[in-house]
Structures are given as structure tokens and as C-alpha cells.
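A quick write-up on the structure given underneath.
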Amino acid sequence: GATTAAGPAVAQPKAAPAPAPDCSAAYRIEQKLATGTTWRMCWHYESEAGLVLEDISYQPPGETAPIKVLSTAKLAQIDVPYDDGSVEYSDLTGAGFGQGLMNMAPTECPGGTIKTVKVPEAWDPQHANVKGLCTTTRSRGHAYRMQADTGNKVFQKQGKDLLVYTVNKVGWYEYITEWRFQDDGTLNMNVGATGSLSPGDYDAGDGRGWPLGKGAKDYATSHSHNVFWRLNFGLDGSSKAKVEQYDSTVSP
């Protein structure tokens with residue numbers, strides 16, 4: 003009779019594990035979103051710029067390894083000129099932005115984790131360890147939607163974001179600086195100014211500003227907050243990679 007024998011089993015190659023960012027666990031942020039995308043990065047904290055993100059990578063579903071995006075990302079400056087020409091502040095380098103990191107309550111970081119930050123040159127050296135860095139996820143609505151050509155089937159998916167943010171107090175303002183990493187590879191940076199208005203800037207003498215108080219007799223001097231960012235790109239691929247800008251002109 004004939005005999006048959008199974009050949010030696012052939013091991014299937016496994017995808018190499020994704021390399022962890024080059025930092026300790028306490029300074030590492032790694033989040034796999036519900037749609038399958040993973041963002042990885044490290045962080046540290048500076049006395050002027052505040053939060054600095056490093057070695058940022060993005061790994062969408064189907065990719066076997068992370069894709070490098072940025073070497074470093076941080077605020078560069080917040081320029082605050084007043085409309086009456088009396089003053090112009092540099093809130094990062096001249097007003098102690100990084101030194102004013104605020105503690106956050108758990109309710110300010112819903113569903114997330116608040117990391118402890120050691121603040122260099124803190125205003126209050128006795129309380130330099132601040133629970134001031136929130137990492138969490140948040141739904142952003144539709145990632146995509148398409149109605150089928152036939153029938154009533156709808157193809158849709160809800161998008162998810164990784165949020166990383168801090169609150170820094172400068173004078174009368176509290177700045178919320180938010181980094182938003184989306185599951186489609188998009189990166190958004192946002193800064194919001196909240197808090198109270200400086201009582202020293204109520205001046206109705208020149209008729210400018212925003213009316214306040216009874217009868218709108220008092221004015222808070224109008225001013226702007228101009229935010230500048232510093233992004234060091236560390237893109238995968240050729241060293242000749244470049245950023246291109248395309249401009250279009252609308253003719254009459």
C-alpha cells in the first residue's frame with residue numbers, strides 16, 4: 003500500500019512589533035483608536051514653551067510599522083499686542099507661560115488620564131509637581147459616509163481623535179493648548195484663551211474696546227493673541243522630502 007506523510011510545518015512570518023518611542027513609560031503616549039489607528043509619541047516639559055511632543059508617529063490599519071511624522075512639536079510664541087499701542091506682550095518668553103501650568107480636575111479630562119508634570123522654574127517651587135497633562139480620546143463625528151448606488155445601505159464610520167492638552171495661566175488668562183491627533187492621520191493644534199479680563203485695562207478714554215458693565219460705560223482694551231508654532235518635521239522616506247505650497251488665483 004501507499005503511505006503519505008505531511009511535510010514539515012512552515013511557520014508564517016509575524017509582523018515585527020512596532021518600536022516603542024525612545025523614552026521611559028512615564029513620558030510615553032501611545033493610543034490605539036477604535037478605528038485601528040495608533041499614534042505614538044514622547045513628551046517633556048520646558049519652562050517657556052511648556053509641553054513639547056517628540057518622535058511623533060502614525061500607524062494606520064494595514065501598516066506593519068509606524069510612519070514617522072514629526073521630530074518635535076511645541077508652541078513657539080504667543081504675541082499679544084494691544085490696539086491702543088500701549089503694550090505688546092510675549093507670553094511664552096516674557097510672561098512665564100510654561101511656569102504657570104495648572105492642576106486639572108478629573109472632570110476636565112473625561113475618560114482619560116492626567117499625567118504629573120515636574121515644572122522647571124515653577125512659580126511655586128514647593129508645588130512644582132502638577133497634575134497638568136491630559137490624554138484622552140473623543141468622538142469627532144463622521145469619518146466618512148456614502149449612500150449606496152442601489153438599495154438603502156449606507157457606508158459610514160464615526161471618527162475618533164487622541165487629545166493631548168494642558169492649561170497654562172499667564173496673568174489674567176488661562177490658555178488651553180490642545181493637540182488633536184485624528185485616526186485619518188490629520189494633526190490639529192488649537193489654543194484657546196479663557197479666564198477673566200484684566201481690571202487694569204478698562205479704559206473708555208479712546209472709545210475703543212469692548213463695552214462692559216452697567217450702561218456699557220467701561221471698556222476693556224481690544225487686543226489680539228497671535229499664536230506661533232514650531233514644528234520639526236521628521237517624515238519617513240527620502241531625505242529630499244519637502245513641503246510644497248500650491249496657490250491659485252481666481253480670475254475675473
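Numbering (the numbering used here), first residue to last: 3 to 254. Ideal Cβ placement from N, Cα and C applies to all residues, glycine included.
Does any residue of chain B bring its CB to less than 7 Å from the CB of Pro83?
In the structure shown, chain B cannot be found, because there is only a single protein chain.
I think Asp57 touches Met43, with their Cβ atoms under 8 Å apart; what is that distance to the nearest whole Å?
6 Å
Anyone know if the C-beta pair for Ser49 and Glu110 falls short of 7 Å?
no
State buried or exposed for Tyr175, treating a residue as buried only when at least 16 other CB atoms are found within 10 Å of its CB.
When all chains shown are included, Tyr175 counts as buried.
I'd like to know if the segment 82 to 89 and the segment 223 to 230 are in contact, where contact means that at least 3 CB-CB pairs between them fall below 8 Å.
yes
I want to check one thing, is the minimum distance from the CB of Thr95 to the heavy atoms of the ligand GDP below 6 Å?
With respect to the ligand GDP, the structure offers nothing, as it holds no ligand at all.
Name the DSSP beta bridge partners of Thr74, please?
Glu56 and Asn234
CB of Trp41 within 7 Å of CB of Tyr29, strictly:
no
Where the beta strand (DSSP E) containing Cys25 begins and where it ends:
Careful: Cys25 lies outside any beta strand (DSSP E) and carries neither H nor E.
Gly134 in three-state terms, based on DSSP:
When secondary structure is reduced to three states using DSSP, Gly134 falls in the strand class.
Beta-carbon proximity list for Thr138, same chain, < 6 Å, skipping 5 on both sides:
Around Thr138: Cys111, Gly113, Gly114 and Leu165.
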